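Participant: Please find one structure pasted underneath; my questions will follow.
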Amino acid sequence: MENHMRDHILAPIVINKLQVPNRTVVPAMVTRLSGEDGYVNQAIIDRYVSYAKGNVGLIIVEAMAIHQSKSGPLLRISDDDFIAGHKKLTTAIHAVSDSKVIPQIIHFMKVARSGWRQTIDMLSEDDIRAIIRDFGDAALRAKEAGYDGIELHSAHAYTLSSFLSRHNKRRDRYDGRSLEGRLRMFGDVMAEVRSKVGPDFAVGVRFLADEMIKDGYTLEDSRLIALRMAQLGVDYISLSVGGKFEDAIKREGLPPYPYTGYSGERCMPGASFPKMPHVHYAAAIKELINSKGYDIPVISVGKINAPEDAEQLLRDGKADMIGMARQLLADPNWPKKVAMGAEDDIVRCVYCNVCKQLDEKFKEVTCFLWPKKYLQAPDYDPMGTAPVWADEAALSASYVDGVVKLKWQKATGEISGYDLYRTEDHGEVTIIEAKKGGKFDDKSVLGGLTYSYYIRAYTKSGQNSAPSNIIKLDLPMEEFNPQESVI
Ligand SMILES: Cc1cc2nc3c(=O)[nH]c(=O)nc-3n(C[C@H](O)[C@H](O)[C@H](O)COP(=O)(O)O)c2cc1C
Ligand code: SF4
């Protein structure tokens with residue numbers, strides 16, 4: 093059954109010659125499911141088929157290396173030997189849905205446990221020629237493997253992004269002191285890739301709308317970078333922010349990792365950030381390139397997960413497609429549930445970043461909301477039974493020392509966890525946390541305001557119980573007495 097209230101998110105879109113069935117995108121997310129050998133295995137196939145079964149419009153397969161360099165468990169497309177595995181993956185995806193699937197292809201520099209890292213100013217002209225050639229070869233392999241296009245990884249801490257960066261220290265054709273100089277490497281790569289795959293194969297790019305580091309570039313440059321990419325013939329633009337080495341936290345005996353500093357936090361904004369902190373980037377970039385006559389899709393990303401928000405962004409023309417990385421990891425059936433009018437069954441990501449931590453430790457990336465030991469998201473059973481509350485007053489709360497302490501009695505049924513809903517001063521209802529057990533301390537409350545809480549138990553398939561009893565608390569303002577303060 094079609095849901096007409098969501099006609100923007102469910103509308104098809106064309107990318108080059110590709111018919112993408114709807115506006116949802118799962119952006120690249122490293123899974124750490126491949127072995128160190130970099131081959132596609134069954135766990136990788138299962139992960140991406142789950143997005144296809146959930147009717148995600150565009151599936152971007154995690155960053156895969158185009159060169160031989162060592163780097164823990166990471167997919168590879170650096171040799172013809174890898175093509176057969178990728179072919180299996182694309183065949184499996186195309187067999188279950190009309191989702192389109194595109195790999196993100198990446199070149200990265202060397203890093204060492206000592207903290208040393210190679211930077212682009214160390215590359216010789218031969219090295220640069222090899223990188224350009226490797227991108228072209230990998231793109232052609234992707235085409236041979238049955239992918240619907242490729243995405244050039246020009247974001248975060250990696251090689252192409254480092255050329256675009258204001259921290260680019262080269263002083264030659266790729267001179268970091270001018271925007272044109274910083275853009276030249278991307279132009280060279282794009283020309284090589286096009287010459288290999290032809291004009292009709294979708295070539296997208298992911299790059300940073302803001303480097304989120306001191307002396308890095310911001311929207312002032314990224315609007316022009318986007319325009320140049322459009323002029324160079326990219327077929328879509330997927331935005332990200334941050335994720336740089338420059339502010340990475342040094343960890344003894346471990347190679348530098350670009351998601352440990354503040355820019356890394358901005359890249360995958362956690363629960364402490366407001367929702368949708370980066371949507372203005374896509375809106376500004378889309379406005380500029382559209383005004384210059386380019387109508388390639390712009391993908392917005394970053395803590396977007398409510399269907400009504402996604403729909404509104406598209407309706408307002410602030411983006412052409414909606415990227416949801418962690419939300420679709422949590423529940424790959426999001427698009428299917430929206431199309432069925434079963435939005436209440438969506439398992440909502442709470443941005444706890446457990447998945448990010450797993451990636452950081454090179455462990456298989458799973459979601460905290462899935463039942464324990466699950467390697468993949470549970471299937472959706474539309475007929476599943478919702479849990480019920482045995483106790484009418486299941487939820488209780490107390491306010492102690494600036495903290496609201498919530499406790500609840502278990503619901504009955506096949507429970508996967510509990511979502512905690514809160515309103516602040518009668519405002520919007522938000523899910524502030526998901527818990528497996530029966531208590532939670534809310535430490536982000538302000539005295540003098542009114543808070544209401546309720547919880548809902550959910551099953552692994554996403555069915556929710558009715559809301560528990562509602563607890564309303566008028567929090568007192570603390571009294572401040574200079575005599576009692578500790579100085
Ligand atoms: C576990 C994990 C792995 C990621 N791997 C990649 C990657 O391979 N390439 C990439 O461009 N972004 C990667 N990202 C960033 C996401 O694509 C996305 O931009 C980010 O999570 C913000 O979107 P969200 O709020 O919808 O999750 C990764 C994010 C996570 C959580
Ligand atoms: S682990 Fe946390 S942040 Fe990651 S997808 Fe699951 S709920 Fe979202």
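Numbers given in this note's numbering equal positions in the sequence shown, counted from 1, plus 92.
Yeah, the Cβ is synthetic: ideal placement off N, Cα and C, and Gly gets one too.
All figures in this text were calculated on a predicted structure; none of them were measured in a lab.
Measure how close the beta-carbons of P291 and A234 come, nearest whole angstrom, since I'm counting them as under 8 Å.
Facilitator: Here the question's residue 291 lines up with position 199 in the sequence shown. Here the question's residue 234 lines up with position 142 in the sequence shown. That pair is no contact at about 16 Å.
Participant: Classify W426 as helix, strand or coil using the three-state DSSP reduction.
Facilitator: Within the sequence shown, numbered from 1, the residue matching residue 426 stands at position 334. The answer is helix: DSSP assigns W426 an H, G or I state.
Participant: Any heavy atom of ligand 4 closer than 6 Å to the CB of D451?
Facilitator: Ligands present in the displayed structure are limited to ligand 1 and ligand 2, and ligand 4 is not among them.
Participant: Use the C-beta contact count for G415: other C-beta atoms within 10 angstroms, 16 or more gives buried, fewer gives exposed.
Facilitator: Working through the sequence shown from its first residue, we reach residue 415 at position 323. G415 should be labelled buried.
Participant: With DSSP collapsed to three states, give me the class of A301.
Facilitator: Taking the sequence shown and counting its residues from 1, the one referred to as residue 301 is at position 209. Of the three classes helix, strand and coil, the one that applies to A301 here is strand, per DSSP.
Participant: Between which residues of its own chain and N260 is the CB-CB distance below 6 Å, once the five residues before and five after are set aside?
Facilitator: On the sequence shown, position 168 is the one that residue 260 refers to. For N260, where only same-chain residues beyond five positions count, the Cβ hits under 6 Å are G268, R274.
Participant: Taking I169 and I158 to be in contact with their CB atoms under 8 Å, please state how far apart those CB atoms are, rounded to whole angstroms.
Facilitator: The count along the sequence shown starts at 1 and reaches residue 169 at position 77. The count along the sequence shown starts at 1 and reaches residue 158 at position 66. The Cβ separation is near 6 Å, so the contact holds.
Participant: DSSP state of G296, grouped into three classes?
Facilitator: Counting from 1 along the sequence shown, the entry for residue 296 is found at position 204. Correct three-state label for G296: strand.
Participant: Quick test of your reading: G296 and V326, contact by CB under 8 Å. State the CB separation rounded to the nearest angstrom.
Facilitator: Along the sequence shown, one-based indexing puts residue 296 at 204. Along the sequence shown, one-based indexing puts residue 326 at 234. With 8 Å as the limit, G296 and V326 qualify as a contact, their Cβ atoms being about 6 Å apart.
Participant: Report the residue ranges of all alpha helix (DSSP H) runs contained in full by the segment 408-456; include only those spanning at least 4 residues, in chain order.
Facilitator: If we require 4 residues or more, the alpha helix (DSSP H) runs fully inside the segment 408-456 come out as 418-422, 426-431, 446-452.
Participant: May I have the straight-line CA-CA distance separating L538 from E400, to the nearest angstrom?
Facilitator: Along the sequence shown, one-based indexing puts residue 538 at 446. Along the sequence shown, one-based indexing puts residue 400 at 308. Near 28 Å, if we compare the C-alpha coordinates of E400 and L538.
Participant: Below 8 Å on the Cβ atoms is my contact criterion, and I expect P347 with V203 to pass it. Report the Cβ-Cβ distance as a whole number of Å.
Facilitator: As a working note, residue 347 is residue 255 in the sequence shown. As a working note, residue 203 is residue 111 in the sequence shown. That belief holds up - the Cβ atoms of P347 and V203 are roughly 4 Å apart, short of 8 Å.
Participant: Which of the three DSSP states, helix, strand or coil, is assigned to N573?
Facilitator: Here the question's residue 573 lines up with position 481 in the sequence shown. Here N573 sits in coil by DSSP.
Participant: Quick test of your reading: I388 and I329, contact by CB under 8 Å. State the CB separation rounded to the nearest angstrom.
Facilitator: Within the sequence shown, numbered from 1, the residue matching residue 388 stands at position 296. Within the sequence shown, numbered from 1, the residue matching residue 329 stands at position 237. Their Cβ separation, rounded to whole angstroms, is 6 Å, which keeps I388 and I329 in contact under 8 Å.
Participant: Within 10 angstroms of its Cβ, does V106 collect 16 or more other Cβ (buried), or is it exposed?
Facilitator: Translated into positions along the sequence shown, residue 106 becomes position 14. Classification of V106: exposed, given that the 10 Å Cβ count is below 16.
Participant: Whether or not the segment 308-324 and the segment 277-292 are in contact is what I'm after, with contact meaning three or more pairs of Cβ atoms, one per stretch, closer than 8 Å; do they touch?
Facilitator: Counting Cβ pairs under 8 Å, three or more are found: they touch.
Participant: According to DSSP, is T477 part of a helix, a strand, or is it coil?
Facilitator: For the purposes of this step, residue 477 is identified with residue 385 of the sequence shown, where counting begins at 1. Of the three classes helix, strand and coil, the one that applies to T477 here is coil, per DSSP.
Participant: Assign S314 to one of three DSSP states: helix, strand, or coil.
Facilitator: The residue you call residue 314 lines up with position 222 of the sequence shown. Note: S314 maps to helix in three-state DSSP.
Participant: So who's on the other strand from T542, going by DSSP bridges?
Facilitator: As a position in the sequence shown, residue 542 is number 450, starting the count at 1. Paired residues: D566.
Participant: Using the Cα positions of K564 and K527, report the straight-line distance between them to the nearest angstrom.
Facilitator: Here residue 564 is taken as the residue at index 472 of the sequence shown, counted from 1. Here residue 527 is taken as the residue at index 435 of the sequence shown, counted from 1. Cα-Cα distance, rounded: 20 Å.
Participant: Please determine, among I317, S253, G228, the residue with the shortest C-alpha to C-alpha distance to V289.
Facilitator: As a position in the sequence shown, residue 289 is number 197, starting the count at 1. That would be G228, whose Cα lies nearest to the Cα of V289.
Participant: Here's the rule: buried if 16 or more other CB atoms are within 10 angstroms of the residue's CB, otherwise exposed. What is R548?
Facilitator: Looking up residue 548 in the sequence shown gives position 456. Counting Cβ neighbours within 10 Å, R548 comes out buried, since at least 16 surround it.
Participant: If you scan the segment 144-191 from start to end, which runs of the alpha helix (DSSP H) of 4 or more residues do you find wholly inside it?
Facilitator: Within the segment 144-191, the complete alpha helix (DSSP H) runs of at least 4 residues are 175-188.
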